[in-house]
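Numbering (our numbering), first residue to last: 1309 to 1592. The C-beta atom is built at its ideal place from N, Cα and C for all residues, glycine as well. Bear in mind that the values here come from a model prediction, so they are computed numbers and not experimental data. See below for the structure under consideration.
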Amino acid sequence: MNDYFHNCVGYWNRWIFGTDMTTEYYREVGLYYDKDALDYDSRYWDNPVLQKIRQSFREETKRFSGSSMLEIGCGTGLDLVHFGQTHPSRDIYGIDVSAEMIQRTRDRIKTSGCTNIEARQGSEIEIHTLFPHQTFDVIYVFFGALNTTEDLRRAARHISEALNPGGHLVLSFVNKWYLGGMLIDLIRFRFSKAFARLRPVWSGYSPVKYLPSHCYTPGTILSAFSGLQLHQRKGYSIIHPAWYYTGINKRLLKFSRILWKVDTIINKSVLWQFGEYSLFVFKK
1309 MNDYFHNCVG
1319 YWNRWIFGTD
1329 MTTEYYREVG
1339 LYYDKDALDY
1349 DSRYWDNPVL
1359 QKIRQSFREE
1369 TKRFSGSSML
1379 EIGCGTGLDL
1389 VHFGQTHPSR
1399 DIYGIDVSAE
1409 MIQRTRDRIK
1419 TSGCTNIEAR
1429 QGSEIEIHTL
1439 FPHQTFDVIY
1449 VFFGALNTTE
1459 DLRRAARHIS
1469 EALNPGGHLV
1479 LSFVNKWYLG
1489 GMLIDLIRFR
1499 FSKAFARLRP
1509 VWSGYSPVKY
1519 LPSHCYTPGT
1529 ILSAFSGLQL
1539 HQRKGYSIIH
1549 PAWYYTGINK
1559 RLLKFSRILW
1569 KVDTIINKSV
1579 LWQFGEYSLF
1589 VFKK
């Protein structure tokens, strides 16, 4: 009876508000990240490359002013609390499809003592129902949360509508054309893994847990957000090995810094679009 009631409420909400949180797709993604939340923080703190990329994302986001910020796919609240502390005069909001991630975010907010942060469970197409009459000066997505949206063009429309005129989007995506990763896996004779991102549906990073998602080319992303002005684009882990090549990165040691600097230089060429992540800044 409870399941029947839940489904009825879901269909009613979708009919009235256009929300998709009760569809099988978003439920599956939410459940995946419920489990992922259990050791999310420990895996992050054990990975210096991941930390370096996150800090770069943060610095890109800090370049833009405004009184309100929204994070889509806030995870355990690492960045919400960071911005809540560095920008105490701003109103900081976050959403995530995972109930467990949101609970951990709220625990982190409470521990931090920040009073300018609010987190709610939901998807990017529910922004207008989660925060009625609220729009934002900066909306950001770190580590490819939009790779797990059901329809990128629809997501782009909802996100753009939630952005104030003159506001900025800072969006990172798992890139379809990660040539360095393809080459590494081909050398290791992992042919299926080498071309996994090219499939219509990508199963995610984990070899044992399935995450229904999509890898996008820069062209697909630019097309989806074509109603906005492109302010900047940038690639990550073009020459530098991606964060999940733990063994390779440990052996690189100080040489890793050189490869990071090479990536910075390469970003000025057409090779920027072949990294593990691509980051776009759009202005409305």
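Counting C-beta atoms within 10 angstroms of its own C-beta, E1584 has 16 or more neighbours from the protein chains shown and is therefore classed as buried.
Here V1482 has G1452, N1455, C1523, Y1585 as same chain residues with Cβ atoms under 7 Å from its own Cβ, once five neighbours each way along the sequence are excluded.
The straight-line gap separating the alpha-carbon atoms of M1377 and I1361 is approximately 20 Å. Looking only at T1554, V1478, E1469, R1498, the smallest Cα-Cα distance to N1355 is reached by T1554. Classified as exposed, L1346 has fewer than 16 neighbouring CB atoms from the shown chains inside 10 Å of its CB. Residue environment: R1351 is assigned as exposed (fewer than 16 neighbouring CB atoms within 10 Å of its CB, all protein chains considered). Straight-line spacing of the CA atoms in V1446 and R1398 works out to 11 Å. By a beta-carbon distance limit of 8 Å, A1550 contacts G1489. Their separation comes to about 6 Å. Under the DSSP assignment, S1420 falls in the alpha helix (DSSP H) whose first and last residues are 1407-1420. With the rule of 3 Cβ pairs closer than 8 Å, the stretch 1378-1387 counts as touching the stretch 1399-1419.
Proximity of the stretch 1427-1440 to the stretch 1496-1512 falls short of the contact definition, fewer than three beta-carbon pairs being nearer than 8 Å. In this structure, the CA atom of E1336 is about 22 Å from the CA atom of K1501.
Of D1344, I1556, G1535, R1498, the smallest CA-CA separation from R1462 is found for G1535. Taking each of N1557, Q1537, R1565, T1572 in turn and checking the Cα distance to V1589, the smallest one comes out for Q1537. Closest option to S1375, judged by alpha-carbon separation, among I1400, E1332, E1368, H1539: I1400. In the DSSP assignment, P1356 falls within the unbroken alpha helix (DSSP H) covering 1356-1370. Taking C-beta separations shorter than 7 Å and ignoring five residues to either side along the sequence, the partners of V1449 in its chain run I1380, G1381, L1479, S1480, following chain order. Taking I1556 as the centre and dropping the five residues before and after it, the same chain places the C-beta of P1549 closer than 7 Å to its C-beta, in chain order.
With fewer than 16 neighbouring CB atoms inside 10 Å of its own CB, W1353 falls in the exposed class. Assignment of H1466 by DSSP, reduced to helix, strand and coil, places it in the helix class. Counting only runs of 4 or more residues that sit fully inside the stretch 1445-1515, the alpha helix (DSSP H) segments are 1460-1470, 1487-1495, 1499-1502, in chain order. Within the model, the alpha-carbon separation for Y1333 versus N1472 is close to 29 Å.
Here the alpha carbons of L1519 and S1511 stand approximately 5 Å from one another. By the 16-neighbour rule on beta-carbons within 10 angstroms, D1404 is buried.
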